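Participant:
Numbering (the numbering used here), first residue to last: 278 to 415.
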């Protein structure tokens, strides 16, 4: 049984295990969602039947939101897999508010019951800065 920490934003998830004796984090996975990092016009032009022109700002936002929602599902799949396998006893999620909301919608009830979350954007920060966002005693 393990404690895990998922540090996410709209295009990156860093997944950590916690040493139960020392509380130190060790990075298990660093996943980057390239589509969420692309410019809107690049995503739109990659869609079937689109040439990347003539779409509205509202449509651009919908394309980006959909791309981020796909990544939230991918992150949830990883977290749900470990929770449903019984590999997690506690899960901390650190993420910006909008992404955290999308992620919560995708979590299985078993996973959600293990979660303590915090709205903070630290996916690009050092392990030390991430660790400071968590309780002293994990």
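Glycine is no exception: its CB is placed at the ideal position from the N, C-alpha and C atoms. Small disclaimer: the values here were computed from a predicted structure and weren't measured.
Is the beta carbon of residue 353 sitting closer than 8 Å to the one on residue 391?
Facilitator: If you number the chain shown from 1, residue 353 lands on position 76. If you number the chain shown from 1, residue 391 lands on position 114. The answer is no: Cβ separation not under 8 Å.
Participant: Are there three or more Cβ pairs, one per stretch, closer than 8 Å when the stretch 299-313 is compared with the stretch 383-397?
Facilitator: A contact is defined here as three or more CB-CB pairs under 8 Å, and the stretch 299-313 fails this definition with respect to the stretch 383-397.
Participant: Helix, strand or coil, according to DSSP, for residue 378 in the structure here?
Facilitator: Residue numbering aside, residue 378 sits at position 101 when the chain shown is read from its first letter. Residue 378 carries a helical assignment under DSSP once its states are collapsed to helix, strand and coil.
Participant: Does the Cβ-Cβ distance between residue 365 and residue 281 come in under 8 Å?
Facilitator: Counting from 1 along the chain shown, the entry for residue 365 is found at position 88. Counting from 1 along the chain shown, the entry for residue 281 is found at position 4. Taking 8 Å as the Cβ cut-off, residue 365 and residue 281 qualify as a contacting pair.
Participant: Please state the DSSP three-state secondary structure of residue 315.
Facilitator: Stepping through the chain shown from its first residue, residue 315 is reached at position 38. Any answer about residue 315 is weak, because its pLDDT of 49 lies below 50 and its placement is not dependable; what the coordinates show is given next. Reduced to three states, the DSSP call for residue 315 is coil.
Participant: Any idea what DSSP makes of residue 351, helix, strand or coil?
Facilitator: Taking the first residue of the chain shown as position 1, residue 351 is located at position 74. Reduced to three states, the DSSP call for residue 351 is helix.
Participant: Can you name the start and end residues of the alpha helix (DSSP H) that residue 387 belongs to?
Facilitator: Counted from its first residue, the chain shown places residue 387 at position 110. 386-389 is the span of the alpha helix (DSSP H), which, as asked, contains residue 387.
Participant: I need the DSSP call for residue 360, collapsed to helix, strand or coil.
Facilitator: The residue you call residue 360 lines up with position 83 of the chain shown. Of the three classes helix, strand and coil, the one that applies to residue 360 here is helix, per DSSP.
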